[in-house]
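One structure below.
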Amino acid sequence: MGTLKLGVNIDHVATLRQARYKGFSHNVEPDLIQAANSAVKGGADSITVHLREDRRHIQDKDVYDIRKLIDKPLNLEMANVSSVLQEALKILPDYICLVPEKREELTTEGGLDVVANYNALKETTKIIQDKGILVSYFIDPDFEQIKLAADCKADMIELHTGKFANAIDPSEVECQLQRLIESSNKAHALDLIVNAGHGINTANVNLLFDVPHLNELNVGHHLISNSIISGIENSVKEFKKIMSQYNM
49 MGTLKLGVNI DHVATLRQAR YKGFSHNVEP DLIQAANSAV KGGADSITVH
99 LREDRRHIQD KDVYDIRKLI DKPLNLEMAN VSSVLQEALK ILPDYICLVP
149 EKREELTTEG GLDVVANYNA LKETTKIIQD KGILVSYFID PDFEQIKLAA
199 DCKADMIELH TGKFANAIDP SEVECQLQRL IESSNKAHAL DLIVNAGHGI
249 NTANVNLLFD VPHLNELNVG HHLISNSIIS GIENSVKEFK KIMSQYNM
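Our numbering puts the first residue of the sequence shown at 49, with every later residue one more than the last.
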């Protein structure tokens with residue numbers, strides 16, 4: 049039995065900052081490092097940020113600062129784009145999670161299409177791993193995508209839980225949960241570490257306890273939204289308490 053870990057995504061702290069401040073100065077707020085430290089105090093096992101090609105929220109300086117000042121693993125989300133990859137290889141995060149990216153999207157809308165981008169992803173994966181960085185693919189719970197992720201030598205996958213989180217009808221919730229269960233079993237059989245994320249909150253996280261082999265949940269929007277009321281530290285503590293019920 050292993051302990052289910054929590055990765056806290058602090059992108060939306062930067063979203064709030066960028067809504068008012070476009071540059072860096074002594075009075076810019078909210079402070080991303082303070083937010084990351086509060087998450088760590090609450091029990092966060094890692095910090096996640098998404099360095100988008102359009103730099104919509106997280107900026108290069110943010111990632112360097114987090115890497116230098118936060119004593120927890122850094123999970124850097126990024127698209128398979130050469131300019132961002134070059135920066136990532138200078139930052140040297142603990143993990144890089146490759147994600148799809150569209151400029152017009154409000155949030156990541158789906159998983160990587162490993163089938164369509166197999167060669168490019170395999171090449172990038174090797175480049176990253178040669179620097180001693182673990183590679184994760186953010187993918188939909190789909191057997192073909194999972195198999196090809198393993199073929200590309202990814203170290204881990206993050207199962208996209210969006211359809212599960214957005215389902216309303218109980219039968220659809222159960223259907224999407226079953227897909228996650230079967231996909232996690234498939235990935236585990238292929239020696240992939242299994243993480244999950246997207247749309248997870250205190251109302252649905254306990255349902256994910258039926259999914260075997262989970263290593264880490266990555267949660268952002270819910271924790272940051274909840275922290276506006278309760279504070280990041282209390283928000284993370286509350287979430288970790290619920291997660292402690294998980295039995296692998």
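Where is the CB? At the ideal position from N, CA and C, for every residue including glycine.
For residue i, does the three-state DSSP call read helix, strand or coil?
i: Ile-277; result: helix
i: Ile-290; result: helix
i: Val-183; result: strand
i: Leu-262; result: strand
i: Leu-196; result: helix
i: Ile-248; result: coil
i: Leu-64; result: helix
i: Glu-77; result: coil
i: Asn-282; result: helix
i: Asn-295; result: coil
i: Thr-51; result: coil
i: Leu-160; result: coil
i: Lys-174; result: helix
Tell me which residue opens and which closes the beta strand (DSSP E) that residue i is part of.
i: Leu-146; result: 143-146
i: Asn-243; result: 241-245
Would you mind reading off the limits of the alpha helix (DSSP H) that contains residue i?
i: Asn-233; result: 218-237
i: Ala-164; result: No alpha helix (DSSP H) contains Ala-164, which DSSP labels as neither H nor E.
i: Asn-214; result: 210-214
i: Lys-89; result: 80-90
i: Gln-134; result: 130-139
i: Asp-110; result: 108-117
Per DSSP, which residues does residue i bridge with? Please list them.
i: Glu-125; result: His-98, Cys-145
i: Val-298; result: This structure does not reach residue 298, given that the chain is present from 49 up to 296, and the question cannot be answered.
i: Ile-205; result: Tyr-185, Val-242
Please work out which residues of its chain come closer than 6 Å, Cβ to Cβ, to residue i, disregarding the five sequence neighbours upstream and downstream, and give them in chain order.
i: Pro-189; result: Leu-207, Arg-227, Leu-228, Ser-231
i: Pro-148; result: Leu-160
i: Gly-19; result: With the chain running from 49 to 296 in the structure shown, residue 19 is simply not present.
i: His-261; result: Ser-232, His-236, Val-242
i: Lys-120; result: Val-88, Ser-94, Ile-95
i: Ala-164; result: none
i: Lys-53; result: Asp-93, Glu-264
Pull up the CB-CB distance for residue i and residue j, whole angstroms please, since I reckon it's below 8 Å.
i: Arg-202; j: Ser-184; result: Position check: residue 202 holds Ala in this sequence, whereas Arg was assumed. Contact holds; Cβ gap of about 7 Å.
i: Asp-59; j: Val-97; result: 6 Å
i: Ile-205; j: Leu-182; result: Not confirmed; about 12 Å, so no contact.
i: Leu-140; j: Lys-179; result: 6 Å
i: Cys-145; j: Phe-212; result: In fact, because the Cβ distance is near 19 Å, the residues do not count as touching under 8 Å.
i: Val-162; j: Gln-193; result: 5 Å
i: Val-253; j: Met-291; result: 7 Å
i: Asn-75; j: Ile-118; result: About 22 Å separates the two Cβ atoms, so there is no contact after all.
Might you give, ordered along the chain, the residues of its own chain that have their beta carbon closer than 7 Å to the beta carbon of residue i, omitting 5 neighbours on each side?
i: Lys-89; result: Glu-281
i: Asp-258; result: Leu-225, Ile-229
i: Gly-158; result: Pro-148, Asp-188, His-208
i: Tyr-112; result: Ile-139
Output needed for residue i: all residues of its chain with C-beta closer than 8 Å, excluding positions within five of it in sequence on either side, in chain order.
i: Asp-199; result: Tyr-166, Lys-170
i: Val-129; result: Glu-101, Glu-149
i: Lys-285; result: Gly-90, Gly-91
i: Lys-288; result: Leu-54, Gly-90, Gly-91
i: Ala-62; result: Leu-80, Val-97, His-105, Ile-106, Gln-107, Asp-110
CB of residue i to nearest heavy atom of the ligand ATP: below 6 Å?
i: Asp-93; result: By its list of ligands, the structure shown contains no ligand whatsoever, and the ligand ATP lies outside what it can speak to.
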